[in-house]
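As structure tokens, the structure follows; a few thoughts come after it.
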Amino acid sequence: MLLKDRIALVTGAARGQGASHARHLAREGARVVLTDILDDLGKTVAEEIRETGADATYLRLDVRETADWEKTVADVVKQYGRIDVLVNNAGVCELSDVESTTDEEWKYVVDTNAMGVFKGCRAVVPVMKRGGGGAIVNTASVQAVKGTWGYVAYQASKSAVLGVTRSVALTYANDGIRANAVAPSAVNTDMLAKEMEHFRQNEWFDFDKWLEEQPISRIAEPEDVSRMVVFLASDLSSYSTGGVFPVDGGLLA
Ligand SMILES: NC(=O)c1ccc[n+]([C@@H]2O[C@H](COP(=O)([O-])OP(=O)(O)OC[C@H]3O[C@@H](n4cnc5c(N)ncnc54)[C@H](O)[C@@H]3O)[C@@H](O)[C@H]2O)c1
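Just so it is clear: in the sequence shown, position 179 is 1309 by the numbering used here, and no numbers are missing.
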């Protein structure tokens, strides 16, 4: 029970890694607020968590929308009085190189992945300050640290996540607020399935060969990342802030 009675807000929690993070945080005793734009899926995951005896609620939150953040944070504070943990997990991915990326693709990816994380921190930090502190876990990617082909907007957005994370960490270090980023490699979710379909159709990247060459030659399961999120959300990581924590099977090594 590393997070007993802590109030945790997770974005993009309707499926994939976000749903897994919500389950793991709840298992450690947190009261979890799941948010997403996929309402039916999100409500189902919250219901499943409640069936385990934990406290879980679903609220609609488009991370790009300031008004959604303001309403969600106000609702959570009204219900629970505080927010102890924020997991900025929501994200989208487009495989597109410099020449073929449209303004719309860039805006969609960067607004969701980078601006969404910024808006989340902006909305929640004042609540954490009033409550005496908190832990923020932002979702970057190994692509924020290491280059690869054909993901220009995605890589730019995930690099920006590291910038926001460091800025929050340094600004609020003495307010008891810690901010860290997780950097996963390939994780077994719908997002990766869409990427693999793209690789197959375009034949420009041999995913199986790439996987064979990885130090740990398997893709990550969402749970691999969730355990790192629990660590960063809990007091186990009490002296870590502004850091980038790979969950990458050794890729960055
Ligand atoms: N899957 C991977 O290989 C991988 C690797 C590194 C990092 N990531 C990152 O992990 C995070 C989770 O992705 P996933 O793998 O679970 O993918 P996913 O597509 O299964 O889940 C993403 C979730 O984010 C939600 N979302 C998208 N736009 C949103 C918005 N505007 N507002 C609120 N919610 C929104 C989706 O509805 C979905 O539930 C993302 O930030 C992604 O970039 C994924």
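Think of the CB as a built atom: it goes at the ideal place given N, C-alpha and C, for glycine as much as any other residue.
What residue from A1220, V1255, G1250, P1256 has the CA that sits closest to V1239's CA? A1220
Please find out if some non-hydrogen atom of ligand 1 comes closer than 6 Å to the beta-carbon of N1268. no
Tell me, please, whether the stretch 1284-1299 touches the stretch 1327-1340 by the rule of three or more beta-carbon pairs shorter than 8 Å. no
Would you say the beta carbon of L1322 is closer than 6 Å to some non-hydrogen atom of ligand 1? yes
Does S1271 come out as helix, strand or coil in the three-state DSSP assignment? coil
Does DSSP classify R1145 as helix, strand or coil? coil
Whole-angstrom C-beta distance between M1358 and G1146, which should lie under 8 Å: Incorrect: roughly 15 Å between the Cβ atoms, too far for contact.
By Cβ distance, which residues of its chain are closer than 8 Å to A1350, with the 5 residues on each side in sequence left out? P1314, S1315, A1316, V1317, N1318, V1377, D1378, G1379
State the Cα-Cα distance for the pair S1368 and K1276, rounded to the nearest angstrom. 27 Å
Determine the extent of the alpha helix (DSSP H) in which Y1384 is found, giving its start and end residues. One cannot answer for residue 1384 here, as it falls past the ends of the chain, which runs 1131 to 1383.
Separation of E1333 from R1308, as counted between CA atoms: 42 Å
Selection from T1202, E1224, V1294 that minimises the alpha carbon distance to W1279: E1224
Which term fits D1170, buried or exposed, when burial requires 16 or more other beta carbons within 10 angstroms of its beta carbon? exposed
Quick check: is any heavy atom of ligand 1 less than 6 Å from the C-beta of Q1147? yes
Which one or two residues does DSSP pair with F1375 in a beta bridge? V1312
Between which two residues does the beta strand (DSSP E) carrying A1138 extend? 1137-1140
How big is the Cα-Cα spacing for T1242 and R1194? 6 Å
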